[in-house]
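Working notes for the structure below.
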DNA sequence: CAGCATCCAGGAGGATACTG
DNA sequence: CAGTATCCTCCTGGATGCTG
């Protein structure tokens with residue numbers, strides 16, 4: 001009855017949303033992306049293992065996967081130094097840097113209202 | 001209160017993230033939340049069926065589910081008129097309204113850079 | 001009209017072992 | 001050190017039918 005919105009399952013940037021919001025959220029969505037981006041914003045260039053330690057709970061598999069997606073979305077640059085032992089650093093691209101205000105406003109809202117919620121107490125979930 | 005990250009799957013607001021960002025994203029994350037919120041921001045109070053029509057592709061099940069979550073998160077107010085036939089309207093709470101700047105900045109970034117990406121064309125993926 | 005119930009598929013994410 | 005490769009679980013979201 002209802003025609004498929006685009007193709008069938010929209011995978012990533014295909015998200016419709018009312019606006020570019022869906023696109024933006026598809027880039028920073030998921031459990032880890034925003035965390036990784038934020039770390040790179042705060043600390044600048046970071047090595048693989050530094051990121052692992054900086055993001056508690058993330059598995060190797062997830063970290064790599066998310067980094068690869070961020071790279072494909074050109075938010076993050078992956079720099080491989082042909083050395084032994086191997087060294088790989090990750091860094092925000094200009095596009096990634098441009099997310100800072102947006103991420104900041106998200107962070108701000110979250111900080112402000114997480115407190116509010118906790119303050120008002122029981123939301124009895 | 002807070003379960004250890006290593007325990008299992010953190011469900012919602014339990015997301016760690018580096019800051020409140022995870023909290024905020026847990027509220028607007030998923031495929032529909034931002035869309036619904038945006039509609040309510042633009043159009044104000046809306047009935048269930050109005051929302052359905054305004055958001056192409058969403059199923060009843062999803063719309064209700066997402067609305068209930070938004071309600072539980074106190075972003076949306078559900079107003080039931082005890083009439084026949086039933087009438088239910090959804091409206092942003094003050095908390096929901098407070099998301100507008102944040103959503104706007106997300107939307108702005110998305111609009112700006114979705115164009116950029118398409119403009120630069122081949123990203124070879 | 002505004003849902004709820006049920007069933008189902010797919011993908012996100014997790015644990016662990018292995019490798020160049 | 002910086003990943004791959006497998007396997008598995010659970011959540012998200014889709015389709016459809018029924019109800020007060």
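Protein chains in written order, with UniProt numbering: chain A, 1 to 125; chain B, 1 to 125.
For glycine and all other residues, C-beta sits at the position ideal for the given N, C-alpha and C.
These numbers were taken from a predicted model, which means no experiment stands behind them.
### Counted within 10 angstroms of its Cβ, other Cβ atoms place residue 23 of chain A as buried (16 or more) or exposed
Around the CB of residue 23 of chain A, 16 or more other CB atoms lie within 10 Å, so the residue is classed as buried.
### Message
Going by DSSP in three states, residue 84 of chain B sits in which element: helix, strand or coil?
### Response
Residue state, collapsed to three classes: coil.
### Query
So residue 29 of chain A is in the alpha helix (DSSP H); what residue range does that whole segment cover?
Residue 29 of chain A -> no alpha helix (DSSP H), and no H or E assigned at all.
### Message
On the CB-based measure, 16 or more other CB atoms within 10 Å of its CB, does residue 31 of chain A come out buried or exposed?
### Response
That one is buried.
### Query
Ordered along the chain, which non-local residues of its own chain (more than five positions away) have a Cβ less than 6 Å from that of residue 27 of chain B?
In chain order, 73 place their CB closer than 6 Å to the CB of residue 27 of chain B, counting only its own chain and leaving out the 5 sequence neighbours on each side.
### Query
Any idea what DSSP makes of residue 62 of chain A, helix, strand or coil?
Reduced to three states, the DSSP call for residue 62 of chain A is helix.
#### Entry: Proximal residues to residue 87 of chain A (C-beta, below 6 Å), its chain only, five neighbours per side dropped
Cβ neighbours of residue 87 of chain A beyond the five flanking positions: 81.
### Query
In chain order, what residues of the same chain have a beta carbon less than 7 Å from the beta carbon of residue 93 of chain B, not counting five sequence neighbours either side?
Result list for residue 93 of chain B: 74, 75, 76 and 77, in chain order.
### Task
Count the CB pairs spanning the segment 32 to 50 of chain B and the segment 97 to 105 of chain B that are closer than 8 Å, and state whether there are at least three.
Contact holds: three or more Cβ-Cβ distances are below 8 Å.
### Query
Can you give the Cα-Cα distance for residue 70 of chain A and residue 91 of chain A, rounded to whole angstroms?
Here the alpha carbons of residue 91 of chain A and residue 70 of chain A stand approximately 11 Å from one another.
### Task
Report, in whole angstroms, the separation of the C-beta atoms of residue 128 of chain B and residue 110 of chain A, which I expect to be a contact under 8 Å.
Summary: the structure shown does not reach residue 128 of chain B, with chain B confined to residues 1 through 125, and so no result is reported for it.
### Query
Would a check of beta-carbon distances place residue 23 of chain B closer than 9 Å to chain A?
Yes, because at least one Cβ of chain A sits closer than 9 Å to the Cβ of residue 23 of chain B.
### Query
Among the residues of its own chain, which have a CB less than 6 Å from the CB of residue 48 of chain B, if the five just before and after it don't count?
Closer than 6 Å at the Cβ level, and outside the excluded window around residue 48 of chain B, lie 88.
### Query
Cβ of residue 103 of chain A less than 9 Å from any chain B Cβ?
Answer yes: the Cβ-Cβ gap between residue 103 of chain A and chain B drops below 9 Å somewhere.
### Task
List the residues of chain B whose Cβ lies closer than 9 Å to the Cβ of residue 99 of chain A, in chain order.
Under the 9 Å cutoff, chain B gives 109 and 113.
### Message
On the DSSP letters alone, give me the boundaries of the alpha helix (DSSP H) that residue 74 of chain A sits inside.
### Response
Looking at the DSSP string, residue 74 of chain A is not in any alpha helix (DSSP H), and its letter there is neither H nor E.
#### Entry: First through last residue of the alpha helix (DSSP H) which encompasses residue 57 of chain B
First-last for residue 57 of chain B: undefined, no H or E at that position.
### Query
How would you write the range of the alpha helix (DSSP H) that residue 96 of chain B sits in, first residue to last?
For residue 96 of chain B, the enclosing alpha helix (DSSP H) stretches over residues 94 to 97.
### Task
If I'm right that residue 51 of chain A touches residue 42 of chain A with Cβ under 8 Å, what's the distance once you round it to whole angstroms?
Wrong, their Cβ atoms sit about 12 Å apart, outside the cutoff.
### Query
Beta-carbon of residue 44 of chain B versus every beta-carbon of chain A: anything under 9 Å?
Proximity of residue 44 of chain B to chain A, defined by a Cβ-Cβ separation below 9 Å, is not satisfied.
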